[in-house]
Each structure stands twice: as structure tokens, then as C-alpha cells.
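S.K.: The structure that follows is given in the form of C-alpha cells.
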Amino acid sequence: MILILDFGSQYTQLIARRIRELRVYCEIHPFNLSSEQIRKRMPRGIILSGGPASVYDRGAPVPAADLFELDIPVLGICYGMGVIAQHFGGRVSAAAEREYGPAQVTILDDSDLFAGLGGATVQVWMSHGDRIESLPPGFRILARSDNSPIAAFGDRGGKFFGVQFHPEVAHTPRGKDILANFLFRVCQASPDWNMENFVEREVQRIRARVGTAGVVCALSGGVDSTVTATLVHRAVGDQLTCVFVDNGVLRRLEAKRVMDFLTNAFHFRIRRVDASDLFLERLAGVEDPEQKRRIIGNTFIEVFEKEARSLPNVRFLAQGTLYPDVIESVSFKGPSATIKSHHNVGGLPERMHLELLEPLRELFKDEVRELGTVLGIPHEIIHRHPFPGPGLAIRIIGAVTKERVTVLQHADAIVEEEIRAAGWYEQLWQAFAVLLPVKTVGVMGDARTYENVVAVRAVQSVDGMTADWARLPADLLARISARLINEVQGINRVVYDISSKPPATIEWE
């Protein structure tokens, strides 16, 4: 296991993803994790992330005082490199010229960290305002750039390393090789983290914990809840009951599709609750997106709680919490204000006196999809685009009515059909339609119209943390526009969103 100590870098999760891709298990913890907790986890190596602070600032974050006495290899990245330098007596100061973006780094020798790269000049991604001015005693320079004479260093014992650049980002093409060298040459880690082992271990863990008790799972039909339910079902069979709540703002025919798939393919015990009228009644006249989320979240809890209470012997609530959600709650920056309220169902187990079962809490989204493949879930389900918990309610900008939901369901279905037919679906992170609170003048036949505007959004991303708008072919956009205007009553204009995340978000809410 590799331990990542988080000093607040925007790239910390990327470090973990790269290590997992190399088939080594890793965990992210706050920078100030105690040495006792570190020892308990028995890591093969420790990585200190980057961060926005400067190590010479008053109150700058520092790890446990005896971290470097634990006889565990350490790699410091950017700010983490500064932590190592300062601890061992080097000098860190503000650079005359800050570096943000691509740079060329020359590898000076073939150390374990840069095995196979000695003498090469490689492209890297820099993001720093400080630099190492003088080496700590007992350290040597391993790489340099024009702006960073000490772009990487290592101690002569081959245990402590620092790099000024970010090997975890895609803009450092050989970064994964550098991380692999740290894992396998320096830390002697084994590439034994895989989904087959995860399934076997998790099934045994769930069985031991649940015993003969009942489990209830809120099923949405999305990837996370479907994989959660399938894994728990493999462990405890009919002790699991899934509850599918139709909130009235789902995709077209979504409820039937989910029920048919799971009951036929996996023989789940599923209860469908049609609460669409209740949800739409409570959403009437509400325009604020956060208020919509609260209404949908609270109403869902109310409906789900009522259904769960009617089940005998239920002691556990299975939930599709993923590792990024866990990291958010314990990160250097504290619980993130950006966690959407509909994901925050933390009050539910206390009110229902249920214990949480979160079998995916160690996994990233791409690992969940890999797990789904191992569990035999069909490809088309695993690779479905993410769908927000509040559903189409937050893709309807302004008030939500049954009529507007119907318009958007039809429009969204057309967008998906055309994206799939053109072979673009799996090249995109998400593609969907948004119904705007704007009406414009148009002409259909010989008559003047005054109808709704629909925005089409399509983005490409690896993990949803950043995203770029998709350069869809003009003829595909033309087909989507023509079908929306011709087939969906109430639409006479289509626009295409060409903003990236950041500064925009993927959803429009």
C-alpha cells in the first residue's frame, strides 16, 4: 500500500489514480496524519502532494515530526519536495520567475527514480512559485530545468526523493514511468491491486458483517448504485431488497428500463415506488437549483424511509459512496462546500437506525466501471453517462412542470439517440439537453412561433473533475438540431454549449 498525504493540491486525486492504474493500492489522508496511524497502515511508501502554500509561510502545513524516521521511502511532489528540503536543512524561497505550464527537464543521472531516463530531456508540467535554492546535506541533484536548477533531488541513501514538477498529470508524458520507478524500484511494491481480488475480499467482508440481517439499497439505475447492488447481491442474495423511487424527473422510460434490466439479468428483489406526482407537486414554482436539490433529497428520504420501514429484519443501508466523496470529507481543505446536497444522505441511517454499507468507498469512477465488468454487468449499463441525482429538475432552468419535463425527456432522448448512432457516445463523458427559461421567435411553415430554447451540452473528461466541450461534427449537430425542432413540440431554437470546466460546470444548474 502507498500512502498519499494531501497538502491541498488540485492534483492529489490524480496521484492516486495513477498509482491505482499501476495496480498498486493507495489511500489519501490529510497531511497531518499521525505517525502512529501511518505505522498502522504499514505503507510501502509515502507520497507528499503539492499544495497552494509555501513551506516558509507562517503556519504552513507540515507532516508528523517523525515522518522521516519511519524507515519508509518518501516522494515529495512540488510543495512536498519543499517539505523534504526544509526538513533536512535545504533552503526554499520564492522563484524569480514562477512556472505554470509545460517545461523541459533534463535528467542528470540514472537513479532509481529516473531509471531508463538518465541523460534524457523530458517534457513536464510545472505549477509552482517557489524553488529549491540549496540542497539539504546528503542530497544530490537528479534533474534540472532552465528555471529550476534543482528540479529533482534524492538523498544518497536512495530513500527520499523530490520533484518540482507534477508526474501525475497527463502533461508530463513520462510521469507514469517515474511513479512506477518509485513504486517498484524504490518501494518494492507489488502490482497486485485488481478487481478480481477486490470482489473476493469485499464479498467475504459483506457476508461477515451482514450475517443473516436484511440490507436495503436505493437504486437509481446509474452505474454506482447498480454496481453496489450487484456486489451486495452476490454476497447476501435475497437478503438484499432494492428500492427504486420514480421521482418524475427521470429520463424517458428510465423506470421501466431499470426494472426490466435488473429483474431479468440479476433477479434482484426490487420494489418500485411511483412518487412522481408527490415530487412534482413539491417542485411546483421552485426555480432555485439548490432548493430543487433539497426538495428532491428530502422527499426521496421520506419516500425511501417509509418503504424501508416496511421491510423485515433490515439492519443495513447499502450506498454507492465513491472514494472522491470520502476524500472530500477528510481532505486538507476540509469538507467541500461543493458537495451537492442530494448526495448528502448522512442523516438517513441515524433516522432509520441503519448501519451504512459502502462497498465502493475505496474506488474511483473508472474502477467502479471495471468492477462492474468483473461482476458481469452489461457494457451499455457500465458505460452510461453520469446522471444527476435530482434528475431533469436541474436541467430545466426555472420552474419544473410535468409539461416541461415531458419536453426535456423527448429532447434528451433525441440527443442520446443521435450521439449513439454517430459512434460518439463512449467518446464523451456526458451529453444531454437543457431546457432554458427563454422563448424566441421562429417560423414553422408559414406561421410565426414563440417557443422554447434548448441547449445541447457534450463534454469530454477522464473523471469529471475537469472537462472540455466536445468538438462534435457539424453534420451531427445539424441532425440533432433538426430533430429537436421538428419532433419536439415546443422547441424552435437549439444552441450548443462551448464552455469548459473550469470555469463553467458540466451541469447548467
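Numbering (my numbering), first residue to last: 1245 to 1753. For every residue, glycine included, the Cβ atom is placed at its ideal position computed from N, Cα and C.
#1: Excluding sequence positions up to five away, which residues of its chain have a Cβ less than 7 Å from the Cβ of Ile1729?
#2: Less than 9 Å between the beta carbons of Arg1559 and Val1678, yes or no?
#3: Out of Thr1710, Phe1426 and Phe1676, point me to the one whose CA is closest to Ser1725's CA.
#4: Check the DSSP bridge columns for Thr1346 and list the partner residues they point to.
#5: Exposed or buried, what is Ile1742 when buried is set at 16 or more other beta-carbons lying within 10 Å of its beta-carbon?
#6: What did DSSP end up calling Glu1549 once you bin it into helix, strand or coil?
#7: Can you tell me where the beta strand (DSSP E) holding Ala1711 begins and where it ends?
#8: Using a threshold of 9 Å, state whether the C-beta atoms of Phe1548 and Val1487 are closer than that.
#9: With three or more C-beta pairs closer than 8 Å as the rule, is the region 1636 to 1643 touching the region 1526 to 1533?
#10: By how many angstroms is the C-alpha of Arg1264 removed from the C-alpha of Ile1316?
#11: Please list, in chain order, all residues of the same chain as His1716 whose beta carbon is under 7 Å from its beta carbon, the five residues on each side excluded.
#12: Could you give the distance in angstroms between the alpha-carbon of Arg1515 and the alpha-carbon of Gln1671?
#13: From Thr1507 to Arg1501, what does the alpha carbon distance come to, in whole angstroms?
#14: Alpha carbon to alpha carbon, how far is Asn1557 from Ala1457?
#15: Nearest CA to the CA of Phe1510: which residue from Lys1550, Gly1620, Ser1520 and Pro1305?
#16: By Cβ distance, which residues of its chain are closer than 6 Å to His1377, with the 5 residues on each side in sequence left out?
#17: Applying the 10 Å Cβ sphere with the 16-neighbour rule, what's the burial state of Thr1365?
#18: State the DSSP-derived secondary structure class of Gln1432, mapped to helix, strand or coil.
#19: Quick check on DSSP: helix, strand or coil for Leu1249?
#20: Residues in its own chain within less than 6 Å of Asp1518 by CB, not counting five upstream and five downstream?
#21: For Arg1288, collect the residues of the same chain with a Cβ closer than 7 Å to its Cβ; drop the 5 residues on either side in sequence, then sort them by chain order.
#22: So is Leu1463 buried or exposed if we call it buried at 16+ other beta carbons inside 10 Å?
#23: With 16 as the cutoff for other CB atoms within 10 Å, does Met1286 come out buried or exposed?
#24: So, Ala1347 versus Met1370, is the Cβ gap smaller than 9 Å?
#25: Can the beta-carbon of Leu1652 be found less than 9 Å from the beta-carbon of Val1698?
#26: Does DSSP classify Ser1337 as helix, strand or coil?
#27: One question on the structure: do Phe1405 and Ala1395 come within less than 9 Å of each other, judged by their Cβ atoms?
#28: Output the distance between the C-alpha atoms of Leu1600 and Gly1324, rounded to the nearest integer angstrom.
#29: Ser1378 bridges to which residues according to DSSP?
#30: Closest to Pro1746 by C-alpha separation, out of Thr1710, Glu1753 and Trp1752, would be which residue?
#31: Considering only their Cβ atoms, is the gap separating Ile1571 from Val1467 smaller than 9 Å?
#32: Between which two residues does the beta strand (DSSP E) containing Val1487 stretch?
#33: Out of Leu1352, Ser1298, Glu1313 and Tyr1344, point me to the one whose CA is closest to Gln1330's CA.
#34: For Val1612 and Gly1382, what's the separation of their Cα atoms in angstroms?
#35: Over the uninterrupted beta strand (DSSP E) stretch that includes Asp1518, give me the two end residues.
#36: Could you check whether Thr1350 and Ser1389 sit closer than 9 Å to each other, using their CB atoms as the reference points?
M.R.: Reading from the atomic positions:
#1: Ile1735, Asn1736 and Val1738
#2: no
#3: Phe1676
#4: For the sequence presented, residue 1346 should be read as Pro rather than Thr. In DSSP, Pro1346 forms a bridge with Trp1369.
#5: exposed
#6: helix
#7: Premise fails: Ala1711 is in no beta strand (DSSP E) and is neither H nor E.
#8: yes
#9: yes
#10: 19 Å
#11: Reading off the sequence shown, one finds Leu at residue 1716, where the question assumed His. Once the five neighbours on either side are set aside, the close Cβ partners of Leu1716 are Trp1668 and Ala1702.
#12: 34 Å
#13: 10 Å
#14: 6 Å
#15: Gly1620
#16: At residue 1377 the sequence reads Glu, which differs from the His that was named. The answer, listed in chain order, is Arg1335 and Ser1337.
#17: exposed
#18: coil
#19: strand
#20: Asp1490
#21: Met1245, Ile1246, Cys1431, Gln1432 and Ala1433
#22: buried
#23: exposed
#24: yes
#25: yes
#26: strand
#27: no
#28: 35 Å
#29: Arg1335
#30: Thr1710
#31: no
#32: Leu1484 to Asp1490
#33: Ser1298
#34: 44 Å
#35: Ile1514 to Asp1518
#36: yes
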